[in-house]
Amino acid sequence: MLFSELGLSPEILRAIEEQGYTEPTPIQAKAIPLVLSGRDLLAAAQTGTGKTAAFMLPILERMKKFANTSVSPAMHPVRALVLSPTRELADQIGVNVKTYTKYLPLRATTVFGGMNMDPQTAELRRGMEIVIATPGRLLDHIQQKTIQLNKVEVLVLDEADRMLDMGFIQDIRKIMSMLPKERQTLLFSATFATEIKRLAADFMKDPQTVEVARQNATNEQVEQLVYSVDAGRKRHLLSHLIKTRDMSQVIVFCKTKISADQLARDLKRDGLVAEAIHGDKAQASRLEILSSFKEGSLRVLVATDVAARGLDITELPFVVNYELPNSPEDYVHRIGRTGRAGASGIAISLMSPAETRQHEAIEKLTRQTLKPQVVEGFQPGAAAPREEAAPRRESSRGEGGRDYGREGGREGRSSPVRAAPRESQRDPMSLPASALMVGKSGEGLKTINPTAGSRRSRKAQREVPALLLPPRYKVEVNR
Ligand code: AMP
Numbered sequence: 001m002l003f004s005e006l007g008l009s010p011e012i013l014r015a016i017e018e019q020g021y022t023e024p025t026p027i028q029a030k031a032i033p034l035v036l037s038g039r040d041l042l043a044a045a046q047t048g049t050g051k052t053a054a055f056m057l058p059i060l061e062r063m064k065k066f067a068n069t070s071v072s073p074a075m076h077p078v079r080a081l082v083l084s085p086t087r088e089l090a091d092q093i094g095v096n097v098k099t100y101t102k103y104l105p106l107r108a109t110t111v112f113g114g115m116n117m118d119p120q121t122a123e124l125r126r127g128m129e130i131v132i133a134t135p136g137r138l139l140d141h142i143q144q145k146t147i148q149l150n151k152v153e154v155l156v157l158d159e160a161d162r163m164l165d166m167g168f169i170q171d172i173r174k175i176m177s178m179l180p181k182e183r184q185t186l187l188f189s190a191t192f193a194t195e196i197k198r199l200a201a202d203f204m205k206d207p208q209t210v211e212v213a214r215q216n217a218t219n220e221q222v223e224q225l226v227y228s229v230d231a232g233r234k235r236h237l238l239s240h241l242i243k244t245r246d247m248s249q250v251i252v253f254c255k256t257k258i259s260a261d262q263l264a265r266d267l268k269r270d271g272l273v274a275e276a277i278h279g280d281k282a283q284a285s286r287l288e289i290l291s292s293f294k295e296g297s298l299r300v301l302v303a304t305d306v307a308a309r310g311l312d313i314t315e316l317p318f319v320v321n322y323e324l325p326n327s328p329e330d331y332v333h334r335i336g337r338t339g340r341a342g343a344s345g346i347a348i349s350l351m352s353p354a355e356t357r358q359h360e361a362i363e364k365l366t367r368q369t370l371k372p373q374v375v376e377g378f379q380p381g382a383a384a385p386r387e388e389a390a391p392r393r394e395s396s397r398g399e400g401g402r403d404y405g406r407e408g409g410r411e412g413r414s415s416p417v418r419a420a421p422r423e424s425q426r427d428p429m430s431l432p433a434s435a436l437m438v439g440k441s442g443e444g445l446k447t448i449n450p451t452a453g454s455r456r457s458r459k460a461q462r463e464v465p466a467l468l469l470p471p472r473y474k475v476e477v478n479r
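Per full-length UniProt numbering, residue 1 is the first one in the sequence shown, and the count goes up by one each step.
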């Protein structure tokens, strides 16, 4: 099928042709005619399927009759509202709309939190036909009367499942109840939980359902690999894989902000260009990191699930799950970052012995067997080579940014302090103090002292951030 067969105007066709879109993706082929007909739509489409164009192109077609070059704000009321769970997704949709409207005088803007409201207010006051917003910030603008929604004809709830996961349900209901009753509603979601069905029942009129991927299905273009590795050696395995598999660019997923920050720091020490993005980073810095990743100057983007939501980086060849997510749905979203829009990709999961539960949950949800493999030299329980304990810094971090206690030291006489094989199979955070006192036989006990001051004191005490290890780990080195 060709885009020209879908009833889109030459201005839109020209813009998408310049983007290199030759033929519609399955969700576009199904959704575009329905949206053009004015029907409400419930679409089950994963990220990476081309869903943004699936709703935005027909919206632009429908809004085309309002396109005008007048400078009067009154001539540009908000006609289409897109709600997005995250700032990054909103920003990405905004970027797409800008390219799609290249030959149409329709105005679009994005409003999201974490940024000064004033420039957004100024934009909104100029008049905008299309507004892409995160729910909280939109409500702020509504409250401050910097936006009017009484002319909205189309509402899009993008990644509705994620908006619900993030606790936006009340905000969404509030916003929906403020919109004109006569409108078209398009709801996109990777999954259809009961709450989404309820939302649809309450706010949509006889919606058509379109589904292009099995619920919770992973993209078949993505090759999925699982490597078993001890938690404390994940970071070395990751550096090894990035270097030996020539990963020109990779997104690495962590579960927490702390572990994302720590991993980015560790990778930098390994000589890789890496940065972390997560919700605690200022919006400007997140956007800057994203843009350097997109332009290719940043090789490794370490991200938490929330921060990564909505990242649109096309043809990204590799995604790494540094820590398996607690929720298997996040696995589906994570690996959706690669193999997008027809490109193939590889998703690698580093699984520590403590993560078998998450692994099983992923297999169950995605209805596939992901057999764990081992990378030579990184077998779980095997001793780490000396170079991993190179005295580059005082201590090395394990999974989750926690310090397992590693004997460093300028003298180079020490070896990694590894948990005993059985202990290593547990979450390091749950290890008893004794597990942190395991050393090479004959070396005596290596211990961790979070309150000790000097870097290389004779007693080789270790400075561990109090946040990461409770004080009960205060133990002296016994040589
Ligand atoms: P989305 O699922 O909307 O996040 O889109 C994923 C990626 O696919 C984006 O980079 C789009 O620019 C791209 N894309 C969307 N539709 C097409 C198409 N018909 N042909 C090629 N690329 C597309």
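Backbone N, C-alpha and C define an ideal beta-carbon position, used for all residues, glycine too.
Start and end of the alpha helix (DSSP H) containing residue 63? For the purposes of this step, residue 63 is taken as the residue at position 63 of the sequence shown. Counting along the chain, the alpha helix (DSSP H) containing residue 63 begins and ends at 51 to 63.
Span of the alpha helix (DSSP H) holding residue 239? Numbered from its first residue, the sequence shown carries residue 239 at position 239. For residue 239, the enclosing alpha helix (DSSP H) has its first and last residue at 234 to 244.
contact_flag[the segment 83 to 102, the segment 179 to 189] where n(CB pairs < 8 Å) is 3 or more: Using a Cβ-Cβ distance cut-off of 8 Å, the segment 83 to 102 and the segment 179 to 189 are not in contact, since fewer than three pairs of beta carbons, one from each stretch, lie closer than that value.
Contained alpha helix (DSSP H) runs [length at least 4] in the segment 1 to 45, N- to C-terminal order: Note on the segment 1 to 45: whole alpha helix (DSSP H) runs with a minimum of 4 residues are 10 to 18 and 26 to 36, in chain order.
With respect to the alpha helix (DSSP H) encompassing residue 513, which residues constitute its N-terminal and C-terminal limits? As displayed, the chain neither begins before 1 nor continues past 479, which places residue 513 out of reach and without an answer.
Is it the case that the CB of residue 96 approaches a heavy atom of the ligand AMP more closely than 8 Å? If you number the sequence shown from 1, residue 96 lands on position 96. Yes, the Cβ of residue 96 comes within 8 Å of a heavy atom of the ligand AMP.
Spell out the partners DSSP gives residue 209 in its beta bridges. Counting from 1 along the sequence shown, the entry for residue 209 is found at position 209. Looking at the DSSP assignment, residue 209 forms a beta bridge with 42.
Using 9 Å as the threshold, is the C-beta distance between residue 240 and residue 55 below it? Sequence index remark: in the sequence shown, residue 240 carries index 240 (1-based). Sequence index remark: in the sequence shown, residue 55 carries index 55 (1-based). By the CB criterion at 9 Å, residue 240 and residue 55 fall outside the cutoff.
Do residue 282 and residue 261 have their C-beta atoms within less than 9 Å of each other? Counting from one through the sequence shown, the residue named residue 282 turns up at place 282. Counting from one through the sequence shown, the residue named residue 261 turns up at place 261. No, the Cβ-Cβ distance between residue 282 and residue 261 is not below 9 Å.
Since residue 171 contacts residue 149 with CB under 8 Å, what's their CB separation in whole angstroms? Start at 1 with the first residue of the sequence shown, and residue 171 comes out as number 171. Start at 1 with the first residue of the sequence shown, and residue 149 comes out as number 149. Between residue 149 and residue 171 the Cβ distance is about 14 Å, and since that is not below 8 Å, they are no contact.
Is residue 16 near the ligand AMP, going by C-beta to nearest heavy atom under 8 Å? Mapped onto the sequence shown, residue 16 falls at position 16. With a cutoff of 8 Å, residue 16 counts as near the ligand AMP, since its C-beta is closer than that to a heavy atom of the ligand.
Ends of the beta strand (DSSP E) at residue 349? The count along the sequence shown starts at 1 and reaches residue 349 at position 349. For residue 349, the enclosing beta strand (DSSP E) stretches over residues 345 to 351.
Let me know the secondary structure DSSP gives residue 90 once reduced to three states. Taking the sequence shown and counting its residues from 1, one reaches residue 90 at position 90. Residue 90 falls in the helix class under three-state DSSP.
Out of 90, 365, 154 and 167, which one is the CA nearest neighbour of residue 114? For the purposes of this step, residue 114 is taken as residue 114 along the sequence shown, with counting starting at 1. For the set 90, 365, 154 and 167, the Cα lying nearest the Cα of residue 114 is the one of 90.
In whole angstroms, give me the CA-to-CA distance for residue 15 and residue 102. Residue mapping note: residue 15 aligns to position 15 of the sequence shown, counting from 1. Residue mapping note: residue 102 aligns to position 102 of the sequence shown, counting from 1. Each residue's Cα considered, the two are about 6 Å apart.
In the DSSP assignment, what are the bridge partners of residue 224? If you number the sequence shown from 1, residue 224 lands on position 224. For residue 224, the pairing in a beta bridge is given by DSSP as 347.
In this structure, does DSSP put residue 116 in helix, strand or coil? To locate residue 116, count along the sequence shown from 1; it is residue 116. It is coil, neither helix nor strand.
In the structure shown, what three-state DSSP assignment does residue 304 receive? Here residue 304 refers to the residue found at position 304 when the sequence shown is read from its first residue. DSSP places residue 304 within a strand segment (E or B) once states are collapsed to three.
Between residue 51 and residue 27, which are expected to be in contact by the criterion C-beta below 8 Å, what is the C-beta distance as a whole number of angstroms? Here residue 51 refers to the residue found at position 51 when the sequence shown is read from its first residue. Here residue 27 refers to the residue found at position 27 when the sequence shown is read from its first residue. Contact holds; Cβ gap of about 5 Å.
Do you know offhand how far residue 225's Cα is from residue 323's? Here residue 225 is taken as the residue at index 225 of the sequence shown, counted from 1. Here residue 323 is taken as the residue at index 323 of the sequence shown, counted from 1. Going from the Cα of residue 225 to the Cα of residue 323 covers about 14 Å.
So, with DSSP's three-state summary, where would you put residue 326? Working through the sequence shown from its first residue, we reach residue 326 at position 326. Note: residue 326 maps to coil in three-state DSSP.
Less than 8 Å separating the Cβ of residue 101 from some heavy atom of the ligand AMP? Position 101 of the sequence shown holds residue 101. No; taking the cut-off as 8 Å, the Cβ of residue 101 has no heavy atom of the ligand AMP nearer than that.
With the cut-off set at 9 Å, would you say residue 263 and residue 375 are in Cβ contact? The sequence position of residue 263 within the sequence shown is 263, counting from 1. The sequence position of residue 375 within the sequence shown is 375, counting from 1. Taking the C-beta atoms as reference points, residue 375 is found no nearer than 9 Å to residue 263.
Contact between the segment 107 to 127 and the segment 150 to 161 is defined here as three or more beta-carbon pairs at a separation below 8 Å; is this criterion met? Touching, no.
Are the beta-carbon atoms belonging to residue 133 and residue 164 less than 9 Å from one another? As a first step, residue 133 must be located in the sequence shown, where it is residue number 133. As a first step, residue 164 must be located in the sequence shown, where it is residue number 164. For the pair residue 133 and residue 164, the CB atoms are not nearer than the 9 Å cut-off.
Quick one: which unbroken beta strand (DSSP E) runs of 3-plus residues sit fully inside the segment 120 to 188? Chain order, please. With a minimum length of 3 residues, the continuous beta strand (DSSP E) runs that stay inside the segment 120 to 188 are 130 to 133 and 154 to 157.
Can you name the start and end residues of the alpha helix (DSSP H) that residue 366 belongs to? Taking the first residue of the sequence shown as 1, we reach residue 366 at position 366. Residues 356 to 366.
Counting pairs of Cβ atoms below 8 Å between the segment 63 to 79 and the segment 155 to 169, do you hit three or more? Counting Cβ pairs under 8 Å, fewer than three are found: no touch.
Could you please give me the residues that DSSP links to residue 372 through a beta bridge? What you label residue 372 is simply residue 372 of the sequence shown in a count that begins at 1. Paired residue(s): 226.
Range covered by the beta strand (DSSP E) that runs through residue 253: For the purposes of this step, residue 253 is taken as the residue at position 253 of the sequence shown. It spans 250 to 254 - the beta strand (DSSP E) in which residue 253 sits, taken as one unbroken run.
Taking the alpha helix (DSSP H) that residue 318 falls in, what are its first and last residues? Reading the sequence shown from its first residue, position 318 is the one you call residue 318. Segment 318 to 321 is the beta strand (DSSP E) holding residue 318; no alpha helix (DSSP H) there.
Considering residue 263, what are the terminal residues of the alpha helix (DSSP H) in which it resides? Residue numbering aside, residue 263 sits at position 263 when the sequence shown is read from its first letter. Its alpha helix (DSSP H) spans residues 257 to 269.
By DSSP, does residue 99 sit in helix, in strand, or in coil? Taking the sequence shown and counting its residues from 1, the one referred to as residue 99 is at position 99. Three-state DSSP puts residue 99 in a helix.
Residue span of the beta strand (DSSP E) that contains residue 83, given as start and end: Sequence index remark: in the sequence shown, residue 83 carries index 83 (1-based). 80 to 83 is the extent of the beta strand (DSSP E) around residue 83.
Residues near residue 5 in its chain [Cβ-Cβ closer than 7 Å; skip 5 each side]: Sequence index remark: in the sequence shown, residue 5 carries index 5 (1-based). Within the same chain, no Cβ atom closer than 7 Å to the Cβ of residue 5 is found once the five residues on either side in sequence are excluded.
When you measure from the CB of residue 51 to every non-hydrogen atom of the ligand AMP, does any distance come out below 8 Å? Position 51 of the sequence shown, counted from the first residue, corresponds to residue 51. In this structure, residue 51 has its beta carbon less than 8 Å from a heavy atom of the ligand AMP.
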